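Input: a single structure, listed below in structure tokens.
In our numbering, the protein residues as written are 287 to 706.
Take a look at the structure:
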């Protein structure tokens, strides 16, 4: 469903699947925290590969409420840090996963254009005035999907395979079941490692706040293994608050462009694009011949080095994501950044001067040092696996690594050895 009242605005995608409502069990084999691309992909594959095991996905809001339902839907190869050892072909794997799970994502892979203000191709189809002459530098593997259809399709595949998806179930703490809750765990927000200092083989206790129209209630379930796929949310669980920075990314969508506009701007070939220099800009076509343009971070760092200049060890992990919730798309820094983006797009080419903007929205992103994704066991417990930090490269990568995570949880595939 479209979330028109959300402070971050409404993206042009529709999540049309609502999971069946079922009571939470007391014990499960696998608990997945977060119902975005990565969590739903992992759930679908766990249920498919191990039909005798129980799988529960716990989502604090509704499926796709975070980055997955608010992304621009541009699928790219590799990671934001480039190819990593043993990664494989992300786009080929992504396409195969969607096909195997019968997810109609409207995936197209025509390739993506890298745009730059120098070293352009001689016959660049794009020539825009944007802090210099912005033109095509090269073509790389890539394409587009409908994120709403991906979220809905993965959730449907997971549920059909036997996984349970529970919305409005916020995991507030995560500890070994045999340990007495620490003082931090008894609070509303606890770190996953407060009482998880040992690699215990006991089940993990997930304390959950269930929200409904009638109010809230508490529930504890026990899981043999836990996968954390909350990305920029719930950094108190993953312990990434001192290693990564959550931000809002901003985007706008236009009404359908005319054939003349598409031809004169070079957008008629329907290639997604992104710049390789600053100021950064990305974009992609919509099926109706509208276009999405995106740029900007909220709050905006003064420089890339300043992104990680805060005193991370002293940050309160529960505040890192809640800081984003105070931003509203219609006022303050978000509104100023979107107004700047819209003016910028209108001035890039005469044919874009009178475009009509139909959607303005923001989505959370977790940017890591070095832009490396986080895919490893939790620092304090061997039965907790963390998958997050795609740094804007997660559309295909998160689904691809969700499959890998399912295999790893089942002992069928080792985790990669990537830089932390």
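From the three backbone atoms N, C-alpha and C, an ideal C-beta is built for every residue, glycine too.
Note that the coordinates shown come from a computational prediction; the quantities given were computed from them, not determined experimentally.
Counting the other Cβ atoms within 10 Å of the Cβ of residue 371 gives fewer than 16, which makes it exposed. Scanning the stretch 307-389 from its first residue to its last, the whole alpha helix (DSSP H) runs of 4-plus residues come out as 323-335, 353-356 and 376-386. Residue 361 is not a Cβ neighbour of residue 581, given a cutoff of 8 Å. Using a 10 angstroms sphere on the CB of residue 617, the tally of other CB atoms stays under 16, which defines it as exposed.
When rounded, the separation of the alpha-carbon atoms in residue 315 and residue 696 is 10 Å. Exposure of residue 566 is indicated by the presence of fewer than 16 other C-beta atoms within 10 angstroms of its C-beta. For residue 577, the three-state secondary structure derived from DSSP is strand. In the structure shown, the three-state DSSP call for residue 659 is coil. A straight line joining the alpha-carbon of residue 535 with that of residue 648 spans about 5 Å. Beta-bridge partners assigned by DSSP to residue 533: 651. Under the DSSP assignment, residue 696 falls outside any alpha helix (DSSP H); it carries neither an H nor an E label. In the DSSP assignment, residue 491 forms a beta bridge with 461 and 508. Nearest C-alpha to residue 407 among 353, 424 and 309: 424. Close CB contacts of residue 574 within its chain, under the 7 Å cut and outside five residues either way in sequence, are with 542 (chain order). With distances taken between CA atoms, residue 502 lies nearest to 456 out of 686, 456, 378 and 593. The beta strand (DSSP E) runs of length 3 or more contained entirely in the stretch 539-568 are, from start to end of the chain, 559-561. If you draw a 10 Å sphere on the C-beta of residue 611, you find fewer than 16 other C-beta atoms in it, and that means exposed.
Cβ-Cβ distances below 8 Å link residue 685 to 323, 324, 327, 380, 383, 384, 436 and 440 in the same chain, with the five nearest sequence neighbours on each side left out; the list follows chain order.
Note: residue 399 is bridge-paired with 425 and 559 in the DSSP secondary-structure output.
Within the DSSP secondary-structure output, residue 450 pairs in a beta bridge with 342. Look at the beta carbons and you see the stretch 398-414 touching the stretch 558-565: at least three pairs across the two are nearer than 8 Å. For residue 522, there is no enclosing beta strand (DSSP E); the residue is found in the alpha helix (DSSP H) stretching over 521-524.
Taken through DSSP and simplified to helix, strand or coil, residue 431 comes out as coil. The Cβ atoms of residue 330 and residue 509 lie no closer than 8 Å to each other.
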